[in-house]
Amino acid sequence: ASFNFHSIEYTNYREFTESGYDPASSLQLVYFDNLMGTYGNAVSFNVGGIAKIRKMFRVGISYQSPVWWYKLTDELSQRISSNIPDGDLTTINFNLVNIFPDYKIQHPGKITGSVAAIFGKHGLISFDYDYQDFSKSRLKPESDPYFELQNTLIGTRLKAVSTYRIGAEVRFFRNKQLGLRGGYRIQESPYTNGTSIGDLQGYSFGLGYDFGGTQIDASFNRYTREELHQLFDPGFPNTTRINSENTNVTLSLSFKL
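Once you know that position 178 of the sequence shown is 181 in this note's numbering, the rest is easy, because the numbers rise by one and skip nothing.
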């Protein structure tokens with residue numbers, strides 16, 4: 004079991020450039036910058052357990068509570084400029100920060116079940132299943148008319164998500180110092196239409212060597228996901244299809260005390 008503290012410092016910066024005006028116009032270029040920041044803190048907890056079935060099988064279950072973001076603050080700064088001298092154009096000062104009232108978000112909890120077959124010191128095979136219902140996400144206070152509308156949309160447009168992961172490790176040499184690992188996962192889309200954000204598919208592999216007092220590990224993780232992205236909201240309902248490919252390479256050194 005564990006009790007967790009979370010914090011967020013998220014910044015979203017967008018820069019827009021508009022051109023193509025009539026050649027006879029004194030206005031030829033317009034620049035607009037939008038800087039949005041979100042800051043806050045949250046708490047959550049985890050509980051779980053593992054049971055040994057006979058000699059080589061393990062079964063586990065765990066519960067991750069909802070993440071309660073008990074205080075979130077949004078800050079917004081904007082700036083507009085053009086090729087026209089500032090004296091002839093009303094500008095928005097980028098140093099002027101708009102701070103909005105605090106609010107709360109509750110992310111849904113998650114249940115995980117796992118089973119593994121242990122082949123002594125030679126390796127293992129494992130399978131994990133996650134269940135998380137994103138339609139249970141909530142913006143608070145729910146008495147706020149805007150949050151009430153958003154919560155209704157969340158309940159109708161989002162759904163429960165299942166995630167499947169399978170992995171294996173094989174150990175080599177006399178003392179089994181070298182381990183080779185590999186895995187594959189599929190995560191369903193959280194959207195009921197299945198297209199706003201598509202299913203996630205990924206794979207990983209790695210190796211590790213145990214020197215006794217120290218251990219070195221290297222891993223490669225890659226996943227892909229397709230999504231529809233609305234470049235300008237609101238006003239431009241057309242979307243563009245984005246195929247995202249994310250790759251992470253990790254090298255770690257561990258010491259046994």
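Heads up, the beta-carbon is just placed ideally off N, CA and C, and yes, glycines get one too.
Check	Outcome
Exposure label - V164; buried when at least 16 CB within 10 Å	buried
C-alpha gap between E12 and L38, whole angstroms	13 Å
Buried or exposed by the 16-neighbour rule on C-beta atoms within 10 Å, applied to G43	buried
One or two residues paired with L30 in a DSSP bridge	Paired residues: none, contrary to the question.
Option in H110, L254 and P144 with minimal Cα separation from D136	H110
Beta strand (DSSP E) segment containing E230, residue limits	T217 to H232
Straight-line Cα distance separating L30 from S85	7 Å
Terminal residues of the alpha helix (DSSP H) in which R188 lies	No alpha helix (DSSP H) holds R188; the beta strand (DSSP E) holding it covers L181 to Q190.
Environment of D133 [buried if 16+ CB atoms lie within 10 Å]	buried
Reference D220; option with closest CA among G209, R228, K139 and N251	G209
Rounded Cβ spacing between I169 and G182 (contact assumed at less than 8 Å)	So it is not a contact: roughly 17 Å between Cβ atoms.
Integer Cβ distance of Y106 from L127, believed to fall under 8 Å	Actually they do not touch by this definition, with Cβ atoms about 44 Å apart.
Cβ-Cβ separation, N196 to Y226 (assumed contact under 8 Å), whole Å	Actually they are not in contact, since the Cβ atoms of Y226 and N196 sit about 21 Å apart, beyond 8 Å.
Counterpart residues of V173 in DSSP-defined beta bridges	G126 and L183
Under the three-state DSSP convention, the category N154 falls into	helix
Anticipated Cβ contact below 8 Å, Y34 with T14, distance rounded	With a Cβ gap of about 19 Å, Y34 and T14 do not count as contacting.
Cβ neighbour criterion (16 or more within 10 Å) applied to P144	exposed
Residues near F150 in its chain [Cβ-Cβ closer than 6 Å; skip 5 each side]	L142
Strand pairing of D133, partner residues [DSSP]	T115 and T166
Minimum Cβ-Cβ distance from F48 to chain C less than 8 Å	Although the question refers to chain C, the structure presented lacks it and comprises just one protein chain.
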